[in-house]
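Participant: Right, I'll just put the structure down here and ask away after.
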Amino acid sequence: MRKLLSILALGALFLIGGAPAASASQATDIVIEDTAGTLDANTLLPAIEKIKFNEPTKVAIYTRAGNESDNLNEEVLRFAREKHPEWLSSDRQKWADSLFVFALDPAGRQVGTYFGEDRKVSPGQRDDIQNATKDLFKEAQWTDGSIAGVERAAQLMNRPWYKSPKLYAWSGGILVVGGISVGSTLYVRKTYRTRSEKALEIGNASYSNVSLDLEATELNAKTINGDSRYGSLVLEKYRGFMAAYNDLAEQGNKANDMDTKLHQRKETALFMEKYAGKATELDRLDDVIADTNMLLNMGSGWAAAWERQLAPLREDLAEIDPLVTGKHAVPDAPAAIALTRFKTMTADEVEKWGAALQSRQLSPEDGLDKIAAAREELTEVLKEYSEAVIAKFAKDKEEEKLMRAAMRTPEASGTSHSSNHSILGTVYPSNRFWSVVGFSVGYRSGRSSVQESRSASSSTGGSTGYGSSGGSFSGSGSSSRF
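With mature numbering (1 follows the signal peptide of the UniProt record, and there is no 0) as the guide, the letters of the sequence shown map in order to residues -21 to -1, 1 to 461.
In structure tokens, the structure reads:
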């Protein structure tokens, strides 16, 4: 018996060792249709390009901002028929050969996977692919979760026989081979490693910028008028600059000395992101100090500094029309009409402020006051409009509370990148001004909270049908909730 077991074990080792090398292929084409606006294409595209497939595969990634009651399969098919008929077979009854479609609805909290006939996998493997994303999606890591899903699909589609876990099951425990059946845990670890390394890179770059500008920052701070309203507020921020810089140096040393094996841990990713956040904050502050000095003293670069102060307001004005006319808008609400009026009037005023500054009829401080007043007015109108969109979507008082809480967070009210780089965004609390971009983020978060609450009882339910509009379509695919 012992001899037989030895022979079986050696046979298994020979089988594994003698298996032919896999012919890895990159995606032949990558199409990203991020209609929900939740993905970071600069991160997603390079990551998908690096993934190796068992056979050449076209990858399509589609996101939508739907409802929890939607049939995601039906909506994906509808989108393909309307926008990408090439995703369908010649008879339009199945998905096109060599195609993999990954679909995400962050608002409706659904994920779907769809396959050409020569790429389809078993129902259990479809579940495996979708499950690889869900821990990340529950943390709102939309880009990383999408990458994890595509990577898992790449491993399972057209998997060679010698990569199948069933190959190793016959030995009855004689041979244990790790890493063959990879679950979502490994993808989460890989994601944390990616997050750690990305944050470390960002932190180091920002720390380097701060270090190089240290002397110039000190000089700029010394020439800011401390009696100025905004100058004094910026100088108040600068008083802790050197202490924060020294703390950042210690944090950076710890981050760079850390064993890379620890990068796959969640606590490491959080530490690295904290380091990157602190470094970015200081890097932003030294830019604001430079702009404050240039603008208040009307130096040679005052016009560019002034434009950076206007940037958050200009961004808001550009986003008002989509906000009051989009899918979830309430265009007839008084606040929506007020927003449109605000856009028209303020766009004209902004140009007058710049001209008055140039002719010295308006002081830099008074100019900043005008920007602040405009953003305060916008904030009040956005708060009024938030009640209109909440009333449209929420079904009861509890859902209204969930949405209101999501739309009142600092993250929802102040997500504008340019706002963080402005004097007003630096000297005032993050929730002082609401931005239109932040409003949209908060609204999506609120809808997601409500939909998660509505679907809690069926949070793991799956679906394979394509709904009433699907007709006779029978392409391979399914969706599930997270």
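Just so you know, even glycine gets a beta-carbon here, dropped at the ideal spot from N, CA and C.
Grab the span of the beta strand (DSSP E) containing residue 89 for me, first residue to last.
Facilitator: Within the sequence shown, residue 89 is the residue found at index 110, counting from 1. 89 to 94 is the span of the beta strand (DSSP E), which, as asked, contains residue 89.
Participant: Which residue's Cα is closest to the Cα of residue 108: 120, 133, 364?
Facilitator: Indexing the sequence shown from 1 puts residue 108 at position 129. Proximity to residue 108 across 120, 133, 364 peaks at 133, based on C-alpha coordinates.
Participant: From the DSSP secondary-structure annotation, give me the bridge partner or partners of residue 82.
Facilitator: Stepping through the sequence shown from its first residue, residue 82 is reached at position 103. DSSP lists 41, 91 as partners of residue 82.
Participant: Assign residue 232 to one of two classes, buried (16 or more other C-beta atoms within 10 Å of its C-beta) or exposed (fewer than that).
Facilitator: Stepping through the sequence shown from its first residue, residue 232 is reached at position 253. The residue is exposed, with fewer than 16 neighbouring Cβ atoms inside 10 Å.
Participant: Three or more C-beta pairs closer than 8 angstroms, one from the region 52 to 68 and one from the region 85 to 101: is that the case here?
Facilitator: yes
Participant: Between the alpha carbons of residue 255 and residue 30, how many angstroms are there, rounded?
Facilitator: Taking the sequence shown and counting its residues from 1, the one referred to as residue 255 is at position 276. Taking the sequence shown and counting its residues from 1, the one referred to as residue 30 is at position 51. Take the alpha-carbon of residue 255 and the one of residue 30: they are about 27 angstroms apart.
Participant: Of all the alpha helix (DSSP H) runs that stay within the bounds of the region 281 to 350, which reach a length of 4 or more residues?
Facilitator: 281 to 304, 313 to 337
Participant: Going by Cα to Cα distance, which pick from 344, 119, 172 is closest to residue 464?
Facilitator: Given that the chain is displayed from residue -21 to residue 461, the structure contains no residue 464 and the question cannot be resolved.
Participant: Which stretch, first to last residue, makes up the beta strand (DSSP E) that contains residue 124?
Facilitator: Here residue 124 refers to the residue found at position 145 when the sequence shown is read from its first residue. Element bounds for residue 124: not the beta strand (DSSP E) but the alpha helix (DSSP H), 121 to 135.
Participant: Using the Cβ count rule (16 or more neighbours within 10 Å means buried), how would you classify residue 218?
Facilitator: Along the sequence shown, read from residue 1 onward, the residue named residue 218 stands at position 239. Residue 218 is exposed by the Cβ-count criterion.
Participant: CB-CB under 7 angstroms to residue 358, same chain, minus the five flanking residues each way: which ones, in chain order?
Facilitator: Within the sequence shown, residue 358 is the residue found at index 379, counting from 1. Contacts found: 412, 413.
Participant: Given residue 453, which residues of its chain have a CB within under 7 angstroms of its CB, disregarding the five upstream and five downstream residues?
Facilitator: Looking up residue 453 in the sequence shown gives position 474. Cβ within range, chain order: 72, 73.
Participant: Buried or exposed: where does residue 447 fall if 16 or more other Cβ atoms within 10 Å of its Cβ makes it buried?
Facilitator: Working through the sequence shown from its first residue, we reach residue 447 at position 468. Its Cβ having fewer than 16 others within 10 Å, residue 447 is exposed.
Participant: Helix or strand or just coil, what does DSSP make of residue 460?
Facilitator: As a first step, residue 460 must be located in the sequence shown, where it is residue number 481. Note: residue 460 maps to strand in three-state DSSP.
Participant: Taking one C-beta from the region 325 to 343 and one from the region 373 to 389 each time, how about it: are there three or more such pairs within less than 8 angstroms?
Facilitator: no
Participant: Which residues in the same chain have their Cβ closer than 7 angstroms to the Cβ of residue 214, if we skip the five residues on either side of it in sequence?
Facilitator: Your numbering for residue 214 matches position 235 in the sequence shown. Excluding residues within five positions, the ones whose Cβ falls inside 7 angstroms are 200, 203, 205.
Participant: Cα separation between residue 168 and residue 121?
Facilitator: Residue mapping note: residue 168 aligns to position 189 of the sequence shown, counting from 1. Residue mapping note: residue 121 aligns to position 142 of the sequence shown, counting from 1. Cα-Cα distance, rounded: 16 angstroms.
Participant: What are the boundary residues of the alpha helix (DSSP H) that includes residue 55?
Facilitator: In the sequence shown, residue 55 corresponds to position 76, counting from 1. Per DSSP, residue 55 belongs to the alpha helix (DSSP H) from 51 to 62.
Participant: Using 10 angstroms around the beta-carbon of residue 273, count the other beta-carbons present and answer buried if the total reaches 16, otherwise exposed.
Facilitator: Position 294 of the sequence shown, counted from the first residue, corresponds to residue 273. The residue is buried, with at least 16 neighbouring Cβ atoms inside 10 Å.
Participant: Between residue 466 and residue 347, which are expected to be in contact by the criterion C-beta below 8 angstroms, what is the C-beta distance as a whole number of angstroms?
Facilitator: A question about residue 466 goes unanswered here, because the residues of the chain that appear run from -21 up to 461.
Participant: Less than 8 angstroms between C-beta atoms, sequence neighbours within five positions excluded: which residues of the same chain meet that for residue 264?
Facilitator: Looking up residue 264 in the sequence shown gives position 285. Closer than 8 angstroms at the Cβ level, and outside the excluded window around residue 264, lie 216, 217, 220, 405.
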